[in-house]
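Peer 1: My questions all concern the structure below.
Chains as they are written, first to last, in the numbering used here: chain R, 2 to 111; chain Z, 8 to 119.
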């Protein structure tokens with residue numbers, strides 16, 4: 002079974018900062034890599050995905066993937082208080098069987 | 008997200024039987040049950056595609072899923088255990104290959 006780890010567990014940043022969240026996985030055959038965001042008391046919501054090595058940018062969010070190092074990351078530019086949430090990385094070998102990491106709790110202070 | 012509705016929102020049970028319901032209005036083919044315990048990530052329980060159960064993770068036998076049609080999903084729970092206290096999310100996706108999951112608001116189950 003896939004082992005997905007996230008770091009840091011929690012993070013506090015000032016408004017406007019650049020934030021970096023990390024995710025490592027154990028199965029080198031993994032094909033699908035997602036970031037989800039879960040605000041307190043709400044359902045998880047997909048942010049973005051990547052499935053080939055490199056970088057993908059959508060607005061203030063950028064994903065980096067390095068399959069050889071079993072690592073991918075999420076970077077948030079110009080962090081906003083509304084970005085405060087639990088960020089979950091998810092990795093999928095095939096089908097839509099996603100294994101979620103334990104999450105990084107992000108707090109953006111005004 | 009009113010396009011995936013779950014009922015009930017909250018459930019407090021002793022050792023009873025109960026069914027959770029989910030309906031999606033997105034025209035998706037795949038539907039899921041996820042369990043999220045306190046301070047834990049969501050864990051897949053069951054995955055249906057076109058009404059067929061295609062993934063059944065290691066789940067106690069007291070949890071029985073049912074997919075009466077491609078837009079509805081049920082989770083029957085018999086003789087709940089305190090370890091079952093969690094939020095149960097229903098989710099759907101258009102297909103099953105690297106598709107974005109859309110989650111319902113969840114049912115919070117508290118077992119006395």
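Ideal Cβ positions, reconstructed from N, Cα and C, are used throughout, including at glycine.
Could you give the residue range of the beta strand (DSSP E) that holds residue 114/Z?
Peer 2: 114-118
Peer 1: Please list the terminal residues of the continuous beta strand (DSSP E) segment that includes residue 79/Z.
Peer 2: 79-84
Peer 1: Under 8 angstroms, with one C-beta from each stretch per pair, do the segment 54-73 of chain Z and the segment 81-90 of chain R reach the 3-pair mark?
Peer 2: Verdict: no, contact absent.
Peer 1: Whole angstroms are fine: how far does the CA of residue 97/Z sit from the CA of residue 47/Z?
Peer 2: Annotation: residue 47/Z to residue 97/Z spans about 17 angstroms, alpha carbon to alpha carbon.
Peer 1: What span of residues does the beta strand (DSSP E) with residue 76/R cover, start to end?
Peer 2: 72-77
Peer 1: Please report how far the alpha carbon of residue 76/R lies from the alpha carbon of residue 92/R, in whole angstroms.
Peer 2: 17 angstroms
Peer 1: Report the three-state DSSP secondary structure of residue 82/R (helix, strand or coil).
Peer 2: helix
Peer 1: Using the Cα positions of residue 44/Z and residue 21/Z, report the straight-line distance between them to the nearest angstrom.
Peer 2: Residue 44/Z and residue 21/Z: Cα-Cα distance of roughly 18 angstroms.
Peer 1: Can you pull the chain Z neighbours of residue 33/R, defined as C-beta to C-beta under 7 angstroms?
Peer 2: Within chain Z, 105 have C-beta atoms less than 7 angstroms from the C-beta of residue 33/R, given in sequence order.
Peer 1: Just the chain R side, please: which residues come within less than 9 angstroms of residue 70/Z by C-beta, in chain order?
Peer 2: Within chain R, no residue has its CB atom less than 9 angstroms from the CB of residue 70/Z, the nearest being about 17 angstroms off.
Peer 1: Starting from residue 50/R, follow the beta strand (DSSP E) in both directions and report where the run begins and ends.
Peer 2: 46-51
Peer 1: Could you pull the start and end residues of the beta strand (DSSP E) that residue 63/Z belongs to?
Peer 2: 59-63
Peer 1: Can you give the Cα-Cα distance for residue 65/R and residue 92/Z, rounded to whole angstroms?
Peer 2: 36 angstroms
Peer 1: Let's test the definition: count the other Cβ atoms within 10 Å of the Cβ of residue 27/R and tell me whether it reaches 16, buried, or not, exposed.
Peer 2: Classification for residue 27/R: exposed.
Peer 1: Does the segment 31-39 of chain R come into contact with the segment 11-25 of chain Z, if we say contact requires no fewer than three beta-carbon pairs (one atom in each stretch) closer than 8 angstroms?
Peer 2: no
Peer 1: Span of the beta strand (DSSP E) holding residue 55/R?
Peer 2: 55-59
Peer 1: Along chain R, in chain order, which residues have C-beta atoms closer than 9 angstroms to that of residue 111/Z?
Peer 2: 44
Peer 1: So, for residue 13/R: in the same chain, excluding its five sequence neighbours on each side, which residues have a beta-carbon less than 6 angstroms away from its beta-carbon?
Peer 2: 108
Peer 1: For the beta strand (DSSP E) that residue 26/Z lies in, which residues bound it at each end?
Peer 2: 25-31
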